[in-house]
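Everything in the sequence shown is counted per our numbering, starting at 44 for the first residue and increasing by one. The block underneath contains the structure these notes are about, expressed in structure tokens.
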Amino acid sequence: MKAFVCLLMALMVYDCAAVSKECTNIPTQSHTLRYELLASKNETWKKEVMSHYHLTPTDESAWADLLPRKLLSVEQKNDWAVMYRKIKNMGVFKPPVGFLKEVPLEDVRLLEGSIHAVAQQTNLEYLLMLDVDRLLWNFRHTAGLPTPGTPYGGWEAPDQELRGHFVVVAVLRSLLMQRTPSNTGHYLSASALMWASTKNDILKGKMTALVAGLSACQEKIGTGYLSAFPTEFFDRFENVTFVWAPYYTIHKILAGLLDQYTIGGNPQALKIVTSMVDYFYNRVMNVISQYTVTRHYQSLNEETGGMNDVLYRLYILTGDSKHLLLAHLFDKPCFIGLLAVQANDIANFHVNTHIPIVVGAQMRYEVTGDPLYKEIGTFFMDLVNSSHSYATGGTSVSENWSNPKRIADNLKIPETEESCTTYNMLKVSRHLFRWTKEVTYADYYERALTNGVLSIQRGTEPGVMIYMLPLGLGVSKAISSHGWGKPFDVFWCCYGTGIESFSKLGDSIYFEEEGNSPSLYIIQYISSSFNWKSGKVLLTQTVVPASSSDPYLRVTFTFSPNEKTGTSSTLNLRLPSWTHADGAKAMLNTDTLSLPAPGNFLSITRQWSASDKLTLQFPITIRTETIKDERPEYASVQAILYGPYLLAGHTTNNWDIKAGTDWITPIPSSYNSQLVSFSQDFQNSTFVITNSNQSLTMQNLPEPGTDIALYATFRLIPKDATNKSVIIEPFHLPGTIISHQEPDQPLTIVDSSKGGPSSVFLVVPGLDGRNQTISLQSQSNKDCYVHSNMSSGSGVKLRCKSNSEAGFNQATSFVAGKGLRQYNPISFVAKGGNQNFLLEPLFNFRDEHYTVYFNIQD
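Spelled out as structure tokens, the structure:
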């Protein structure tokens with residue numbers, strides 16, 4: 044019977060294809076392609092692509108939408124109230140209860156020093172850099188108002204159809220992200236979230252001014268419409284002709300304004316939202332009245348963002364049945380229907396078009412209680428995790444899903460994981476955790492946040508993020524079709540979601556459970572404080588930064604009751620699935636607590652006092668994870684994780700690792716004190732010794748975070764107690780050392796097992812007589828020293844003293860400064876077939892080349 048149903052479904056899909064009814068947003072599903080198309084001067088190419096947009100008569104019976112069947116027999120009129128009653132009276136569902144409750148973001152504070160706090164501060168600095176007049180420029184221009192300042196570039200430029208998307212989301216959540224016609228929305232959301240996270244007064248002023256500016260634009264237009272582009276874009280959308288996702292931008296604006304209302308406390312924002320929604324439900328009503336609901340659903344093949352999600356959120360606030368019905372009409376039936384029948388058939392769908400639709404379906408469950416939508420969210424998460432996800436927790440390749448359990452092929456393509464998709468998958472998992480309290484979803488959240496979100500910033504540079512996170516062999520975040528963005532000139536979609544993500548890093552650490560007594564779930568171990576008002580206590584969580592030399596997660600909780608007589612409350616603490624029972628420990632003051640197995644919660648009920656101290660210790664181990672590809676030839680392609688941290692190796696082309704005894708070893712933190720870079724100043728330039736292609740050359744002083752900075756760092760390994768006799772190991776090539784040949788021959792890099800007297804150097808005072816310099820003398824030939832020609836590209840050799848060389852002393856003297864690169868506290872060496880690999884967390888890489896998946900052979 045099951046086989047017959049599958050065959051029937053396949054025939055239905057084929058039939059739909061035969062009548063040319065698509066369920067995607069192909070051919071121009073890629074935002075990158077859309078941007079390039081609109082910016083291109085090649086009119087022939089543009090005409091060819093546009094020709095794919097057309098209306099084709101379709102067999103209405105082949106279009107399976109999810110409106111109740113009885114409703115389809117009713118003449119479609121413009122009476123939304125009648126339609127709403129039809130839907131409401133057909134079901135017996137009630138909003139579900141028992142979910143975990145979000146805690147106010149303003150009650151959570153990240154503690155200084157953690158990687159999360161640093162990422163948040165970097166984001167705050169970016170949001171504060173953005174100018175309100177420049178963010179509003181396109182909105183004012185569309186409304187016919189004066190336009191002080193100059194518009195931003197990239198996707199927010201006046202000639203880009205997606206303009207405006209960045210403004211709304213970023214300001215409300217953190218003032219940090221942008222995108223052409225919808226970046227304004229991201230800024231609104233980001234600024235609201237960041238203000239709640241930091242209470243920064245300057246940011247508060249910016250977001251208040253932005254909302255006021257948007258309100259003025261809406262009033263000037265006079266119809267309730269508000270966007271950075273004209274209404275003609277929606278004419279094209281409704282006619283199913285080419286346009287770049289206008290509802291995608293509207294979703295960002297609506298979501299940002301709702302965040303300004305619910306988080307920022309600005310009632311003007313809600314007024315703008317309700318007026319906008321009045322305008323757009325009238326548009327949708329007119330389309331359905333003129334062309335039928337089928338035409339409306341056909342137009343949803345263009346990306347609409349999370350329109351269903353934001354409208355369900357609005358309905359919760361207003362109770363207006365029109366908002367509920369409009370939300371239903373943005374539930375994309377042809378995609379939701381596939382998930383409803385649990386079909387593993389999402390290949391070739393544009394990923395970030397469709398994850399938000401699932402998030403909206405999850406919100407539909409929270410609003411209506413219809414269990415179908417709970418099952419849709421659960422199945423979708425299982426489907427993506429089992430067949431389409433990387434070790435980061437992210438998904439997609441070139442913005443789409445590929446064939447299930449065939450993702451090894453994706454590693455050949457630089458444009459792998461789109462950052463936006465991780466942002467949205469986190470929303471899916473967050474809903475599921477709140478519903479179920481299952482540790483699996485909290486584990487996923489930790490993995491995706493740690494590896495898929497923290498990895499997209501370029502260190503502490505405000506406004507520098509990536510669109511795609513490459514995961515192939517020898518890739519670099521700086522080298523792809525996008526590379527690193529610029530603060531004021533790109534505003535990609537992933538800039539918008541990026542500024543939101545880094546503005547709400549504290550929103551999923553703590554969740555409350557409502558009941559007779561206060562109960563708190565702690566699912567992320569991030570140094571933070573939480574003012575737990577219902578528990579009447581200020582809770583402070585301090586996490587010792589993870590280290591490869593100390594393989595434990597160590598967490599301490601302290602308590603400051605808000606009242607002298609506290610109340611009894613319960614803490615539920617996650618035991619991550621990646622840890623193990625052997626070595627796990629929990630102590631309350633001096634008492635050792637009994638722990639459940641990993642993958643469960645430790646529950647402690649107590650009247651907490653200021654003298655209480657709760658400590659947790661969870662072992663962190665190395666493990667490998669095979670890529671999600673069921674073909675036998677890819678069984679050895681594996682990622683390496685250390686607890687929740689995905690490790691990447693410094694390599695450009697090698698990926699072979701030999702697993703076995705001691706195949707991977709931690710790097711002691713003390714090794715950082717042995718790292719140096721050798722530099723020389725000459726003619727107003729600074730040069731450093733670097734290694735490449737098994738030899739040493741001089742290069743100009745590099746920027747931090749680059750391959751050259753990596754290559755210019757060496758570890759001096761003492762050979763005696765005086766530290767004056769050393770061997771020199773290139774930082775990124777553990778297990779190799781520098782060796783000299785005959786005088787006047789280049790220095791080379793050899794395997795440490797092949798080293799001998801020619802690999803030992805004496806560190807002596809610089810021959811140039813300066814206090815800050817040293818010279819490297821050959822131990823086997825003490826008349827010879829490491830020598831350079833003090834110019835970029837010149838080779839580094841061993842040269843012996845010569846009375847005829849006037850500059851010999853200067854050419855053999857170097858400043859041995861702090862290494863341009865340091866070991867991350869989480870660093871390992873893995874034994875390879877052709878070389879050993881230095882492994883560090885993926886989030887620690889900037890421009891350096893790396894490999895995430897290795898060919899690991901027993």
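For each residue, glycine too, the CB sits at the ideal point set by N, CA and C.
Query	Result
Using a Cβ distance threshold of 8 angstroms, determine whether the region 653 to 668 contacts the region 391 to 411, with at least three qualifying pairs required.	no
Could you pull the start and end residues of the beta strand (DSSP E) that N615 belongs to?	611 to 617
Which residues in the same chain have their Cβ closer than 8 angstroms to the Cβ of A629, if we skip the five residues on either side of it in sequence?	L616, T635, L636, L638, L645, L657, T658, L659, Q660
Does DSSP put Q119 in a helix, a strand or coil?	At Q119, the pLDDT of 47 sits below 50, so the modelled position is not reliable; the number obtained from the coordinates is stated separately. In the structure shown, Q119 sits in coil (DSSP, three-state: anything other than H, G, I, E or B).
Could you check if I499 is buried or exposed, using at least 16 other CB atoms within 10 Å of its CB as the buried criterion?	buried
How many Å lie between C463 and C537 at the Cα?	5 angstroms
Report yes or no: do three or more beta-carbon pairs, one from the region 826 to 841 and one from the region 691 to 699, lie closer than 8 angstroms?	no
With distance defined between alpha-carbon atoms, name the residue in F774, Q405, S472 nearest to K417.	Q405
Looking only at its chain, what residues have a beta carbon closer than 8 angstroms to the beta carbon of K45, apart from the 5 residues adjacent to it on each side?	Here K45 scores only 40 on pLDDT, less than 50, and its place in the model is too uncertain to base an answer on.
Between L516 and L614, how many whole angstroms is the CB-CB distance? I'm expecting something under 8 angstroms.	That belief does not hold up - the Cβ atoms of L516 and L614 are roughly 44 angstroms apart, past 8 angstroms.
Pull the bridge partners of K144 from the DSSP assignment, please.	E555
What residue from G362, A386, I359, L343 has the CA that sits closest to T396's CA?	L343
Would the region 546 to 555 and the region 566 to 578 be scored as touching if the rule is three or more Cβ pairs under 8 angstroms?	yes
Checking the sheet assignment: what are the DSSP bridge partners for S830?	The residue you asked about is not Ser; residue 830 is His in the sequence shown. Partner(s): K840.
Grab me the residues of G809's own chain with a C-beta within less than 6 angstroms of its C-beta, minus the 5 sequence neighbours each way, in chain order.	T816, I817, S818, S856
Do you know offhand how far T610's Cα is from L253's?	43 angstroms
Does DSSP put H393 in a helix, a strand or coil?	strand
Thinking just about the alpha-carbon of each residue, which of Y290, E199, F871, L618 is nearest to the one in L372?	Y290
Using a Cβ distance threshold of 8 angstroms, determine whether the region 729 to 736 contacts the region 750 to 760, with at least three qualifying pairs required.	yes
Could you tell me which of A764, P147, N867, I771 sits nearest to T305, measuring between CA atoms?	P147
In terms of alpha-carbon separation, which member of V140, H229, T241, D150 lies closest to V161?	T241
Among D705, A288, L739, which has the Cα closest to the Cα of F871?	D705
Could you pull out every residue in the same chain whose Cβ sits closer than 7 angstroms to the Cβ of S445, ignoring the five residues on either side in sequence?	A390, D452, N453
With respect to the alpha helix (DSSP H) encompassing A312, which residues constitute its N-terminal and C-terminal limits?	310 to 334
Closest to E149 by C-alpha separation, out of G502, W238, S234, would be which residue?	W238
For the region 764 to 784 against the region 793 to 803, are there 3 or more C-beta pairs whose distance is under 8 angstroms?	yes
Among L167, L469, S524, which has the Cα closest to the Cα of E458?	S524
May I ask which residues mark the beginning and end of the beta strand (DSSP E) holding S430?	Here S430 belongs to no beta strand (DSSP E); instead the alpha helix (DSSP H) covers 414 to 430.
Between the beta-carbon of H294 and the beta-carbon of T347, is there less than 8 angstroms?	yes
When the Cα atoms are used, what is the spatial distance from P884 to L689?	6 angstroms
State buried or exposed for A854, treating a residue as buried only when at least 16 other CB atoms are found within 10 Å of its CB.	buried
To which residues of the same chain is V507 closer than 8 angstroms at the C-beta, ignoring the five residues directly before and after it?	Q500, R501, W527, G528, K529, P530
With 16 other CB atoms within 10 Å as the buried threshold, where does D724 fall?	exposed
Which of the three DSSP states is assigned to R674 in this structure?	coil
Take P505 as the anchor and find which of K844, L739, L178, Q163 has the nearest alpha-carbon.	Q163
Can you tell me which of L143, L381, V320, R338 puts its alpha carbon nearest to the alpha carbon of N351?	V320
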